[in-house]
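Colleague:
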Amino acid sequence: MSRIANRIAADINSPAAIPRRNGEPVFREPWESRVFGMAIALCERGLYDWDEFRERLIGEISSADARGDVSTYYERFLAALEHLMLDKGICLREEIDRYATAQLPEEDLL
Amino acid sequence: MSDDPTNSHHHPRALSPAALRAKAIEALLVEKGLLASDAIDSIVEIYEKDVGPLNGAKVVARAWCDPPYKRRLLKDATAAIAELGFGGMQGEHMMVVENTPKVHNVVCCTLCSCYPWPVLGLPPVWYKSIAYRARIVREPRVVLREFGLDLPKFVEIRVWDSSAEMRYLVLPERPPGTAEMSETELASLITRDSMIGVARIEAPSRR
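Residue numbers (this note's numbering), protein chains in the order written: chain A, 1 to 110; chain B, 111 to 317.
1. So that I know if they touch, is there some Cβ in chain A lying closer than 8 Å to that of K133/B?
2. Following the continuous alpha helix (DSSP H) through E312/B, name the residue where it begins and the one where it ends.
3. Going by C-alpha to C-alpha distance, which of C224/B, H214/B, S273/B sits closest to K263/B?
4. My parser needs the alpha helix (DSSP H) runs of 4 or more residues fully inside the stretch 235-317 of chain B; what are they?
5. With burial defined as no fewer than 16 other Cβ atoms inside 10 Å of the residue's Cβ, what is the status of S112/B: buried or exposed?
6. In or out: L116/A buried (at least 16 other Cβ within 10 Å) or exposed?
7. N215/B by DSSP, collapsed to three states: which one?
8. Indicate whether the contact test is met: 3 or more Cβ pairs, each with one atom in the stretch 246-260 of chain B and one in the stretch 298-311 of chain B, closer than 8 Å.
9. Identify whether E155/B lies in helix, strand or coil by the three-state DSSP scheme.
10. Among residues of its own chain, excluding the 5 on either side of R302/B, which ones have a beta-carbon nearer than 8 Å to its beta-carbon?
11. Using a Cβ-Cβ cut-off of 8 Å, state whether A187/B counts as contacting chain A.
12. Check whether the Cβ atoms of A289/B and W31/A sit closer than 8 Å, and answer yes or no.
13. Mapping the DSSP letters down to three states, classify E202/B as helix, strand or coil.
14. What does A129/B touch in chain A if you count any residue whose Cβ is under 7 Å from its own?
15. Nearest to D49/A by CA position, among P19/A, L81/A, Y74/A, is which residue?
16. Compute the beta-carbon to beta-carbon distance between L318/B and Y99/A, rounded to the nearest angstrom, for a pair I have assumed lies under 8 Å.
17. In whole angstroms, what separates the C-alpha of V35/A from that of G143/B?
18. Quick check: V269/B and I300/B, are their CB atoms within less than 8 Å of each other?
Rendered as structure tokens:
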């Protein structure tokens with residue numbers, strides 16, 4: 001088990017703890033598992049420390065709660081990942097926007 | 111599931127903004143050569159299936175096969191478990207408690223959900239339930255029977271209450287009929303529940 005796996009497995013009671021059912025991670029939609037995998041993959045590549053991501057996530061969760069936002073855990077997880085990537089210079093917001101637009105017409109090919 | 115909007119091949123507009131954003135980011139990162147889609151697949155698979163009691167099973171199997179290791183494990187579990195490369199505890203100590211024909215150990219956490227995660231992965235939901243935490247101390251024999259473990263009256267039951275400082279792992283009894291099995295084969299018999307102490311390990315069926 002990798003170090004990050006240990007960290008995530010241990011993180012059970014904090015706000016950043018991933019949703020679980022019967023002890024196992026729960027993804028309600030496929031994209032949630034993709035985002036989860038991406039966050040770990042980028043960390044394993046050394047682009048950031050897991051703690052940096054975790055702090056972002058906790059910040060994202062608490063500010064969303066403070067706003068009374070009804071967003072889900074993985075929507076906040078995604079926002080935390082996106083902000084961290086931008087801050088780390090891993091990519092630019094315009095690039096993500098461009099790719100998001102490019103995804104639109106291809107959706108029937110899913 | 112039909113109510114899953116991302117699962118539909120024919121209603122792409124149902125894809126949520128977050129799903130779209132996630133797809134865009136993945137495509138971008140792949141394009142940049144920062145990650146491969148199959149790397150994400152394998153990470154997700156690891157977390158969904160393999161992050162679990164496997165490490166504990168390896169510890170138990172080693173203890174069954176290697177008497178000096180077992181002595182070290184019972185004397186200083188934290189160090190003996192670290193010998194196999196498992197750790198990452200944050201200051202907690204591990205203690206391994208051995209089941210014998212006369213003593214059965216079972217682990218709980220009455221205060222919250224302390225759990226030896228480096229060896230057992232994520233705790234099952236029932237472990238965290240108020241019912242288990244309260245009743246396993248008060249009426250362990252009854253609770254174990256509900257788990258399907260009907261212990262003879264002469265077996266003493268010891269309940270170990272985990273804390274932030276101390277985590278317990280049960281060393282189950284090696285089942286009969288396993289003398290010929292390798293350490294790896296043995297590890298595959300060892301269940302999470304047996305290492306929490308709510309089950310025993312069944313002898314493998316001979317086919």
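Quick reminder that beta carbons are idealized off the backbone N, C-alpha and C, glycines included.
Note that the coordinates shown come from a computational prediction; the quantities given were computed from them, not determined experimentally.
Modeller: According to the structure data:
1. Sequence index remark: in the second sequence, residue 133/B carries index 23 (1-based). Taking Cβ atoms only, chain A reaches closer than 8 Å to K133/B, which makes this a yes.
2. Position 202 of the second sequence, counted from the start, is the residue given in the question as residue 312/B. Counting along the chain, E312/B falls outside any alpha helix (DSSP H), and DSSP gives it neither H nor E.
3. Along the second sequence, one-based indexing puts residue 263/B at 153. Checked all of C224/B, H214/B, S273/B; the closest Cα to K263/B is H214/B.
4. 235-238, 240-248, 250-256, 293-299, 302-306
5. As a working note, residue 112/B is residue 2 in the second sequence. For S112/B, the predicted model reports a pLDDT of 40, less than 50, meaning its position is unreliable; a value from the coordinates is still stated below. The C-beta of S112/B has fewer than 16 other C-beta atoms within 10 Å across all chains shown, which makes the residue exposed.
6. Absent from the model: residue 116/A. The displayed extent of chain A is 1 to 110, so no value can be given.
7. Taking the first residue of the second sequence as position 1, residue 215/B is located at position 105. Strand.
8. Flag = yes, the stretch 246-260 of chain B and the stretch 298-311 of chain B touch.
9. In the second sequence, residue 155/B corresponds to position 45, counting from 1. It is helical.
10. Position 192 of the second sequence, counting from 1, holds the residue named residue 302/B. Same-chain partners within the cutoff: G162, P163, G166, L230, G231, P234.
11. Within the second sequence, numbered from 1, the residue matching residue 187/B stands at position 77. Chain A, which has no Cβ nearer than 8 Å to the Cβ of A187/B, makes this no.
12. As a first step, residue 289/B must be located in the second sequence, where it is residue number 179. As a first step, residue 31/A must be located in the first sequence, where it is residue number 31. Taking C-beta atoms as the reference points, A289/B and W31/A fail to come closer than 8 Å.
13. Within the second sequence, numbered from 1, the residue matching residue 202/B stands at position 92. Coil, per DSSP.
14. Sequence index remark: in the second sequence, residue 129/B carries index 19 (1-based). Neighbourhood of A129/B in chain A, by CB distance below 7 Å: E29, W31, in chain order.
15. By one-based count along the first sequence, residue 49/A stands at place 49. Among P19/A, L81/A, Y74/A, the Cα nearest to that of D49/A belongs to L81/A.
16. Any question about residue 318/B goes unanswered here, given that chain B covers just 111 to 317.
17. Here residue 35/A corresponds to residue number 35 of the first sequence, with the count starting at 1. Here residue 143/B corresponds to residue number 33 of the second sequence, with the count starting at 1. Near 17 Å, if we compare the C-alpha coordinates of G143/B and V35/A.
18. As a working mapping, residue 269/B is identified with position 159 in the second sequence. As a working mapping, residue 300/B is identified with position 190 in the second sequence. No, Cβ-Cβ distance for V269/B and I300/B is not below 8 Å.
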